[in-house]
Structure formats: C-alpha cells, structure tokens
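Numbering-wise, the numbering used here comes out as the position in the sequence shown, counting from 1, plus 1426.
Heads up, the beta-carbon is just placed ideally off N, CA and C, and yes, glycines get one too.
Comments concern the structure below.
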Amino acid sequence: MATYKSPVLYDGSESIVEQFSKVERKRKCLIITDSAMNEAVGRFQSEINQEVPYELFIMNGKADEAKAKEVLAQQKMGTQLYIASTWENAKIIFPLAIEVGYSEEEIQLAVDGEKERHIYCMKCFTLSSIKDEKEVQCAQCHAHLEVGPFFSKVRKGYIGYPFIPIEE
C-alpha cells in the first residue's frame, strides 16, 4: 500500500514558476501576494481580468497567517492559487494551502529573491541551511557532506552524504 506524502515547499518544488500562466477550465483564481511582487501580479491581473474572476489577498507576514488560512479555506473547488511573495511568506502560505486541500498542481508560486535550501546530515541527523554548494560542512557535527541530488520530503532537506576529504 502506497502512502501519501504531503507536498513540501523547497527550492525545486514543481509549483515554483518564473511567471504565472493561466490554467484552462478554472472557475476562479486566488492571488496571494506581498508588496515584493506588485509588478508581476499587476501584469497577471490584467491578463486574466476579463476571462476569469479572481480574488486578491495581500499578506503582511506572520501576522496575517490566520486570515490567509481563512481566505484559502473559503475557496470553492476548482480555484487556482497563485502565490507571489518572498520566500519567507511563501513558507507560510504554501503549507496552509496544502492543509486546506490544494494540490501542488493547483498552486503556482513566484518567489522574489533567494530561496532557502537545507541539507540533512546523515551522520548527526540534523538540518543545516546551505547555498548552491556541492560540498558543505554540517553546522552541527562539522562532518564534510556531499550534497545529494535528491530532496527528502520526510527530512525536509537534500540528503548530505558524509565523506572524508582528501588532504592535498
């Protein structure tokens, strides 16, 4: 029996897009944004304005989390969700959307700025923040780790394989 793994937001999520695109056969669009993405949202609003009804919710960080969840939960089936925000706000909105019933296919996410990446250390079993490096040191145990190509949705990070560095 296969088990369902809830989607997790990470830098390689299939929901992340460079710019929004219309999805055919959707009854409505919900656009959640913060002040960082006003220009991109404005272009998309004018693109869908006459074709699909939409609702706009402007989020101001953690303070609006409860209101965002309420707005997401009130949507009818068939609503396409567009999130245009910084990574910090995306980390709040995306899990709320999944929690109320959106699938990854029903979400498009445009991120302003850097995306976070994490590595899961296979030696001490902790998560550490990383950039785009291929090899890093664990922040907890200082083991040298090779950043694996696979993201673990269970561990919420790229798998970090310990290795002994070659002294030159």
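- DSSP, read as helix, strand or coil, puts arginine 1469 in helix.
- Excluding sequence positions up to five before and after glutamine 1563, its CB lies within less than 8 Å of the CB of Ala1569, His1570 and Leu1571, all in the same chain and listed in chain order.
- Phenylalanine 1551 is classed as exposed because its beta carbon has fewer than 16 other beta carbons within 10 Å across all chains shown.
- In the three-state scheme derived from DSSP, where H, G and I count as helix and E and B as strand, serine 1554 is classed as strand.
- In this structure, the beta-carbon distance from serine 1441 to leucine 1553 does not fall below 8 Å.
- Around the beta carbon of serine 1511, 16 or more other beta carbons sit within 10 angstroms, so the residue counts as buried.
- Sorting Asp1437, Gly1438, Gly1586 and Val1478 by C-alpha distance to the C-alpha of isoleucine 1457 places Val1478 at the top.
- The Cβ-Cβ distance between cysteine 1455 and glutamine 1506 falls below 8 Å.
- With contacts defined as CB atoms closer than 8 Å, alanine 1523 and valine 1537 fail to qualify as a contacting pair.
- DSSP places glycine 1527 outside both helix and strand once states are collapsed to three, so it counts as coil.
- Nearest in C-alpha terms to isoleucine 1474, of all of Gly1504, Ser1529, Pro1588 and Phe1446, is Phe1446.
- Cβ neighbours of isoleucine 1585 within its own chain (closer than 7 Å, five residues either side excluded): Tyr1546, Met1548, Gly1574, Phe1576 and Ser1578.
- The beta carbon of glutamate 1491 sits closer than 6 Å to those of Ile1518, all from its chain and outside the five residues before and after it, given in chain order.
- Nearest C-alpha to proline 1591 among Glu1561, Ile1556 and Ser1432: Glu1561.
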